[in-house]
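Chemist: Just passing along the structure, written as C-alpha cells.
There are 2 protein chains.
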Amino acid sequence: MQPARQPKRQRRKEARPAEIIAAALKLFSERGFAATRLEDVAEAAGVSKATIYLYFESKEDLFKAIIREIATPRLDAIEALVEGFDGRAADLVRGLTERARAIAGSPDVRAVIKLVVSEAGNFPDVAAFYRDEMVLRGLRNIARIIERGIASGEFRRCDPVATGQSIILPIIMNALAREVFGETPELDPERFLPSHLDFVLHGLAADKETR
Amino acid sequence: MQPARQPKRQRRKEARPAEIIAAALKLFSERGFAATRLEDVAEAAGVSKATIYLYFESKEDLFKAIIREIATPRLDAIEALVEGFDGRAADLVRGLTERARAIAGSPDVRAVIKLVVSEAGNFPDVAAFYRDEMVLRGLRNIARIIERGIASGEFRRCDPVATGQSIILPIIMNALAREVFGETPELDPERFLPSHLDFVLHGLAADKETR
DNA sequence: ATAATTACTGACTGGTCAGTTATTAAGAGG
DNA sequence: CCTCTTAATAACTGACCAGTCAGTAATTAT
Numbered sequence: 006m007q008p009a010r011q012p013k014r015q016r017r018k019e020a021r022p023a024e025i026i027a028a029a030l031k032l033f034s035e036r037g038f039a040a041t042r043l044e045d046v047a048e049a050a051g052v053s054k055a056t057i058y059l060y061f062e063s064k065e066d067l068f069k070a071i072i073r074e075i076a077t078p079r080l081d082a083i084e085a086l087v088e089g090f091d092g093r094a095a096d097l098v099r100g101l102t103e104r105a106r107a108i109a110g111s112p113d114v115r116a117v118i119k120l121v122v123s124e125a126g127n128f129p130d131v132a133a134f135y136r137d138e139m140v141l142r143g144l145r146n147i148a149r150i151i152e153r154g155i156a157s158g159e160f161r162r163c164d165p166v167a168t169g170q171s172i173i174l175p176i177i178m179n180a181l182a183r184e185v186f187g188e189t190p191e192l193d194p195e196r197f198l199p200s201h202l203d204f205v206l207h208g209l210a211a212d213k214e215t216r
Numbered sequence: 006m007q008p009a010r011q012p013k014r015q016r017r018k019e020a021r022p023a024e025i026i027a028a029a030l031k032l033f034s035e036r037g038f039a040a041t042r043l044e045d046v047a048e049a050a051g052v053s054k055a056t057i058y059l060y061f062e063s064k065e066d067l068f069k070a071i072i073r074e075i076a077t078p079r080l081d082a083i084e085a086l087v088e089g090f091d092g093r094a095a096d097l098v099r100g101l102t103e104r105a106r107a108i109a110g111s112p113d114v115r116a117v118i119k120l121v122v123s124e125a126g127n128f129p130d131v132a133a134f135y136r137d138e139m140v141l142r143g144l145r146n147i148a149r150i151i152e153r154g155i156a157s158g159e160f161r162r163c164d165p166v167a168t169g170q171s172i173i174l175p176i177i178m179n180a181l182a183r184e185v186f187g188e189t190p191e192l193d194p195e196r197f198l199p200s201h202l203d204f205v206l207h208g209l210a211a212d213k214e215t216r
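Top to bottom, those sequences are chains A and B.
Under our numbering, the residue at position 108 of the first sequence is numbered 113, and the numbers go up by one with no gaps.
Under our numbering, the residue at position 26 of the second sequence is numbered 31, and the numbers go up by one with no gaps.
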C-alpha cells in the first residue's frame, strides 16, 4: 500500500450537499424513495449517515432538495425545448433536435423523470408542482407554437394541446423506457429522434405539400 | 342497525387470492412496493395480514403474482392493439381507436404500467420480461405493419421501429401521466386519442395525398 | 348434537432503518 | 506548538413492519 497521505476525514462543507444530492438522486431513482437506505446514500456520497443530517433535516427533506436543486433547474431544459421556438416549422425541428438531446442524453434528467413518476403518489405537493409547472405549462407553450403555425397556414388544423402531446410525449417516454429497461438498439435515441422529428413534420404539415 | 346476519368471519377460499391481488395492485401502484404495508393491503382486501400468507409466500411473491395473474394477461390488450391490424391504414386507425381505450380506460392497466416503471429496478427479471415480451415484441409487431404499409405504397418511407414508437409511446405516456398526476382536461383521452390518431395518419401517409 | 377439519385471525418477534447523541479530529488562528 | 471551533463520525435508540404461530370460529362429516 502506498504511503497515501489523505486524512481519513475530510472537511468539505461546500461540496457535501451537492454530492449527497447527486448520490441520493441516483439511488432514489434506481430503487425508489422508500427502498433506499440513507446509509447507502451516505456510502455513495463518501460520508457517514450522520453527515447527511448535518445538511438535511430528514429523508423527506433530502428528497425535496433534489426536486428543488436538481429536478427543477434541469427540467428547465425541457421548458426551453418548448419556449425556444419562434413558430417556424424549420425552427421547431431544429429546436426539438437540439434540446431533445438534453432529455435523451442526461442521466440526471432521466433519473428525475423516473423519480417523479414513481414518487408522485407519495408527495402530492411535488406532483402538483410538476403537473402545473412542467406538464401543463409545457403543453400550453407548445400549443401556442402550433397555433401560430396553423394561423400562418404552415400547419394543418388540429387540436394544438392534444397534438403537442403527440410531439413531446414519445420523447419523454423513450427516455423513460431506456431508464427503466436499459439501453437497447430499438430505443436508441440516435435512431429514434431523427425519425420522430420527421414524423412530427409530416404530422403537422398542412395538407397540400410538405416540402 | 339491521339484523344483518353476516358472521364476522367469512370463509371464501376461492375469492381471496384475487381480492388480495387487486388490493395489492392498487396500493403498490399508488405508493410503491416498499412503501406499502402488507397490513394495509390486508385491510383493503378485507382480511387479516396473516391471511395473505395463506395464499402467498412473501411480499415479493405477492408482487410477482400480480405480474403473473393481472399484468401479463391485461397487457395482452396492448399486444392485441398491435397485432390486430392487417396493414391497411384504415384498419390501423380503427384498431388503434378501439384498443387504445383498453390502455386509456382501464385503471388496472394504468396501475400495472406505473408499477412496472416504478419497480423494474428492484425486480430485474420482471423488467427483462416486460422489455422483451411487451416493449420490444410490441415494437417489432407494429414495425411489421408499417413495413407492409410502406411496401404497398400507402405509407411514406421511414424507420418502422422508430416510427412505431412515435405512434404508441404517446398513448402509453398519456395514460401514465394521468395515473401519476391525476385527470386533467388537457390529458383527457377523449380529447387526446382522436387527435393523435389523426396525427399518426398524417405522419405516416405517403407524400402525395392523404385522403 | 358433536367431532373433525380448516380458513382465518390477534398477538408476538426479530430484524431493519430513520433519526439522535456523544465523541473525535481537521483545520484556523495565534 | 497549543488552543478553539465545528465538520464529521461511530454507536446507539426507538419505531415500524415482514413474517410466524397458537388459537378461534365457520363449515363439513358423522
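Glycine included, each C-beta is placed from N, C-alpha and C at the ideal position.
Note that this is a predicted model, so its numbers are computed, not measured.
Rounded C-beta distance between residue 123 of chain A and residue 114 of chain B? I'm assuming under 8 Å.
Modeler: For the purposes of this step, residue 123 of chain A is identified with residue 118 of the first sequence, where counting begins at 1. For the purposes of this step, residue 114 of chain B is identified with residue 109 of the second sequence, where counting begins at 1. Wrong, their Cβ atoms sit about 18 Å apart, outside the cutoff.
Chemist: Starting from residue 177 of chain B, find everything on chain A with Cβ-Cβ shorter than 8 Å and list it in chain order.
Modeler: Here the question's residue 177 of chain B lines up with position 172 in the second sequence. Chain A residues near residue 177 of chain B: 178.
Chemist: In three-state DSSP terms, what is residue 61 of chain B?
Modeler: The residue labelled residue 61 of chain B in the question sits at position 56 within the second sequence. In the structure shown, the three-state DSSP call for residue 61 of chain B is coil.
Chemist: Residue 211 of chain B by DSSP, collapsed to three states: which one?
Modeler: For the purposes of this step, residue 211 of chain B is identified with residue 206 of the second sequence, where counting begins at 1. Looking at residue 211 of chain B - three-state DSSP - the assignment turns out to be coil, as it is neither helix nor strand.
Chemist: Using the rule of at least 16 other Cβ atoms within 10 Å of the residue's Cβ for burial, across every protein chain shown, is residue 15 of chain B buried or exposed?
Modeler: Your numbering for residue 15 of chain B matches position 10 in the second sequence. Around the Cβ of residue 15 of chain B, a 10 Å sphere holds fewer than 16 other Cβ atoms; the residue is exposed.
Chemist: For residue 61 of chain A and chain B, any beta-carbon pair shorter than 9 Å?
Modeler: By one-based count along the first sequence, residue 61 of chain A stands at place 56. Output row for residue 61 of chain A: interface = no.
Chemist: Could you list which residues in chain A have their beta carbon closer than 9 Å to that of residue 110 of chain B, in chain order?
Modeler: As a first step, residue 110 of chain B must be located in the second sequence, where it is residue number 105. Here the premise fails: no neighbours, minimum Cβ distance about 17 Å.
Chemist: For residue 160 of chain A, which beta-bridge partners are listed by DSSP?
Modeler: As a working mapping, residue 160 of chain A is identified with position 155 in the first sequence. According to DSSP, which records beta bridges pairwise, residue 160 of chain A is partnered with A:210.
Chemist: Beta carbon of residue 171 of chain B, beta carbon of residue 204 of chain A: below 9 Å?
Modeler: Walking along the second sequence from the start, residue 171 of chain B turns up at place 166. Walking along the first sequence from the start, residue 204 of chain A turns up at place 199. Yes, they are a contact pair.
Chemist: Does any C-beta atom of chain A lie closer than 9 Å to the C-beta of residue 199 of chain B?
Modeler: In the second sequence, counting from the first residue as 1, residue 199 of chain B sits at position 194. Chain A, which has a Cβ nearer than 9 Å to the Cβ of residue 199 of chain B, makes this yes.
Chemist: Cβ atoms of residue 70 of chain A and residue 56 of chain A: under 9 Å apart, would you say?
Modeler: Locating residue 56 of chain A in the first sequence gives position 51, counting from the first residue. Locating residue 70 of chain A in the first sequence gives position 65, counting from the first residue. No, they are not a contact pair.
Chemist: Would residue 3 of chain B and residue 29 of chain A be called neighbours here (beta carbons separated by less than 9 Å)?
Modeler: Past the edges of chain B, shown from 6 to 216, lies residue 3 of chain B, and the structure says nothing about it.
Chemist: For residue 169 of chain A versus residue 144 of chain A, is the C-beta distance shorter than 9 Å?
Modeler: Translated into positions along the first sequence, residue 169 of chain A becomes position 164. Translated into positions along the first sequence, residue 144 of chain A becomes position 139. It is a contact, given that the beta carbons lie within the stated cut-off.
Chemist: From this set, A:94, A:22, A:211 and A:149, which residue's C-alpha is nearest residue 49 of chain A's C-alpha?
Modeler: To locate residue 49 of chain A, count along the first sequence from 1; it is residue 44. Distance from the Cα of residue 49 of chain A is smallest, within the candidate group A:94, A:22, A:211 and A:149, for A:22.
Chemist: Rounded to a whole number of angstroms, what is the C-alpha to C-alpha distance between residue 73 of chain B and residue 118 of chain B?
Modeler: Taking the second sequence and counting its residues from 1, one reaches residue 73 of chain B at position 68. Taking the second sequence and counting its residues from 1, one reaches residue 118 of chain B at position 113. About 14 Å.
Chemist: Starting from the C-beta of residue 5 of chain A, find all residues in its chain whose C-beta is less than 8 Å away, skip the five residues before and the five after it, and write them out in chain order.
Modeler: For residue 5 of chain A there is no data in the structure shown, the boundaries of chain A being 6 and 216.
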